[in-house]
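When you number the sequence shown by the numbering used here, it's gap-free, plus one each residue, and the end is 353. Glycine is no exception: its CB is placed at the ideal position from the N, C-alpha and C atoms. Since this is a predicted model, take the numbers as computed values, not measurements. Below you'll find the structure, written out as structure tokens, and then a few comments.
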Amino acid sequence: MEIVTKVHTNNLVHWAKDKPEVVVLSADLTSSTEINLFQETYPERFFSMGVAEQNMISFAGGLAREGYIPFIHTFAVFIYRQALNQIISSIAYSNLPVKFFGFLPGITTPGGATHQAIDDVAVLRSVPNMTIFETGDATEVESILDEVLKVDGPVYIRMLRGEIPRLFKKDEPFLQGRARVLSRGEDITLLTAGICTEEAMRATSVLKRNGISIEHLHISTHKPFIDSAVVKAIAKPNYGVITMENHTIIGGLGTEVAELMAENGTGKKLFRIGLKDTFAHGGSRPYLMKEYGLDAMCLISQVEQIVNRSFGISEKDLEHVRIEAVHSQAKEEAL
19 MEIVTKVHTN NLVHWAKDKP EVVVLSADLT SSTEINLFQE TYPERFFSMG
69 VAEQNMISFA GGLAREGYIP FIHTFAVFIY RQALNQIISS IAYSNLPVKF
119 FGFLPGITTP GGATHQAIDD VAVLRSVPNM TIFETGDATE VESILDEVLK
169 VDGPVYIRML RGEIPRLFKK DEPFLQGRAR VLSRGEDITL LTAGICTEEA
219 MRATSVLKRN GISIEHLHIS THKPFIDSAV VKAIAKPNYG VITMENHTII
269 GGLGTEVAEL MAENGTGKKL FRIGLKDTFA HGGSRPYLMK EYGLDAMCLI
319 SQVEQIVNRS FGISEKDLEH VRIEAVHSQA KEEAL
């Protein structure tokens, strides 16, 4: 598996070269959100707002009214928990083209409950005019900016940073509103998002060798959630539907799928893998995914329960586990 380093920092500078209307705002997390190279290259288009997210977002609303397209960069948790009122009153109500790049979604940080954005999709899905994207690999990080710019209104992006795997081909870019079909099958329909897609891909090949066929869809658009391919996929499995997300099972992908199944009268069972209405404590990403049941082995266990069979699969049977260092040259700090 190819691992790409600091994808966003290099991509943003190249992409924004001929887009003078795009300006970048930081809340004292410039290097931590990979925009230090943008600051160095286009200093006149960069605004360091300090640790003042509410002010930064209101300021971005003013810039948007003057014809600019502000790209807000900070940790995801500080966007929606610190400044929800400003998001609604200064941005969403007027449908202004402010783009929110939220880093460290879910349990991708060892910072504990104060830094883990575990309910951001749930909260921001309820905000009118808000579009919500989530990146799952290096290809999507590289190609998401064009799709963000196409949206005539606010966009919230669950963004990856540092060392990112390339799961999808370079010529298969991020496409809003459309799921990626990663495998075909009749037994189970599996929908995953963000970092959970990599974990699911480790499990599905082993399950296939054990006679379980899985229709695996990678979801990168949480709102609007209207892909007709998803509607067809959740209606077909013999055993049921599984969702797997780096988020609480309340209000995120599991809820999105449940709503779609109810609206379309889909008579299938739904099993949701995610944080079970709990906060997470600090720790490395692999540890937290195992501790809270978001890894490949948890998915295999869920499938075993659904089909009422034991496959005897262990960690050794899975594809090689990519251990992500807490500190590395690709991350300024662990938080």
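{"Item": "State yes or no: is the C-beta of Pro-128 within less than 8 Å of the C-beta of Thr-157?", "Value": "no"}
{"Item": "Rounded to whole angstroms, what is the Cα-Cα separation between Ser-231 and Asn-256?", "Value": "10 Å"}
{"Item": "To the nearest angstrom, how far is it from the Cα of Thr-92 to the Cα of Asp-46?", "Value": "8 Å"}
{"Item": "Just curious, the alpha helix (DSSP H) that Val-321 is in, first and last residue?", "Value": "314 to 325"}
{"Item": "Could you check which residue in Asn-228, His-236, Gly-229, Ile-206 has the C-alpha nearest to that of Met-219?", "Value": "His-236"}
{"Item": "Check whether the Cβ atoms of Val-145 and Ile-106 sit closer than 8 Å, and answer yes or no.", "Value": "yes"}
{"Item": "What is the C-beta distance between Thr-239 and Gly-195, in whole angstroms, given that I count them as a contact (C-beta under 8 Å)?", "Value": "5 Å"}
{"Item": "Taking 8 Å as the threshold, find out whether the region 271 to 280 comes into contact with the region 222 to 231 through three or more Cβ pairs.", "Value": "no"}
{"Item": "Does the beta-carbon distance from Pro-88 to Ala-101 come in below 8 Å?", "Value": "no"}
{"Item": "Which value, in whole angstroms, describes the spacing of the CA atoms of Asp-164 and Leu-193?", "Value": "9 Å"}
{"Item": "Taking the alpha-carbon positions, what's the Leu-336 to Cys-316 distance?", "Value": "12 Å"}
{"Item": "Taking the alpha-carbon of Glu-204 as reference, which of Asp-155, Ser-161, Gly-171, Lys-254 has the nearest alpha-carbon?", "Value": "Lys-254"}
{"Item": "On the DSSP letters alone, give me the boundaries of the beta strand (DSSP E) that Tyr-305 sits inside.", "Value": "From DSSP, Tyr-305 is part of no beta strand (DSSP E) but of the alpha helix (DSSP H) over 303 to 309."}
{"Item": "For the beta strand (DSSP E) holding Phe-243, just list the boundary residues, first then last.", "Value": "That residue, Phe-243, is in no beta strand (DSSP E); it is neither H nor E in DSSP."}
{"Item": "Do you know offhand how far Pro-183's Cα is from Ile-90's?", "Value": "24 Å"}
{"Item": "Helix, strand or coil, according to DSSP, for Arg-179 in the structure here?", "Value": "coil"}
{"Item": "Roughly how many angstroms lie between the CA atoms of Val-116 and Val-42, to the nearest whole one?", "Value": "10 Å"}
{"Item": "For Tyr-98, which of helix, strand or coil comes out of DSSP?", "Value": "helix"}
{"Item": "Select from Asp-313, Met-74, Ala-280 the residue whose C-alpha is nearest the C-alpha of Leu-293.", "Value": "Asp-313"}
{"Item": "Specify the secondary structure class of Lys-334 as computed by DSSP and reduced to three states.", "Value": "helix"}
{"Item": "Please decide whether Leu-271 counts as near chain B, where near means a Cβ-Cβ distance under 8 Å.", "Value": "In the displayed structure, chain B is absent; only one protein chain is listed."}
{"Item": "Got a sec: does the ligand HEM put a non-hydrogen atom nearer than 7 Å to the Cβ of Ile-136?", "Value": "As far as ligands go, the structure on display features none, and thus does not contain the ligand HEM."}
{"Item": "What are the boundary residues of the alpha helix (DSSP H) that includes Thr-266?", "Value": "First-last for Thr-266: 258 to 266, but that is the beta strand (DSSP E), not the alpha helix (DSSP H)."}
{"Item": "Tell me the rounded alpha-carbon separation between Val-159 and Phe-243.", "Value": "20 Å"}
{"Item": "Go ahead and pull the three-state DSSP assignment for Ile-150.", "Value": "strand"}
{"Item": "If you draw a straight line from the alpha carbon of Phe-329 to that of Ile-318, how long is it in whole angstroms?", "Value": "9 Å"}
{"Item": "If you reduce the DSSP assignment to three classes, tell me which class Ser-107 lands in.", "Value": "helix"}
{"Item": "With distances taken Cα to Cα, identify the nearest neighbour of Ala-131 among Gln-320, Leu-306, Val-325, Val-321.", "Value": "Leu-306"}
{"Item": "In chain order, what residues of the same chain have a beta carbon less than 6 Å from the beta carbon of Ala-34, not counting five sequence neighbours either side?", "Value": "Val-40"}
{"Item": "Can you give me the Cβ contacts of Glu-198 inside the same chain, cut-off strictly under 6 Å, excluding the 5 residues immediately before and after it?", "Value": "What sits at residue 198 in the sequence shown is Arg, not Glu. Hits under 6 Å: His-236."}
{"Item": "With respect to the alpha helix (DSSP H) encompassing Phe-77, which residues constitute its N-terminal and C-terminal limits?", "Value": "71 to 83"}
{"Item": "Give the C-beta separation of Arg-63 and Leu-114 to the nearest angstrom, bearing in mind that I take them to be a contact with Cβ-Cβ under 8 Å.", "Value": "So it is not a contact: roughly 18 Å between Cβ atoms."}
{"Item": "Please name the residue, chosen from Ser-246, His-234, Gly-269, Thr-266, that lies closest to Val-259 on a Cα-to-Cα basis.", "Value": "His-234"}
{"Item": "Could you pull out every residue in the same chain whose Cβ sits closer than 7 Å to the Cβ of Val-321, ignoring the five residues on either side in sequence?", "Value": "Ile-206, Leu-225, Ile-230"}
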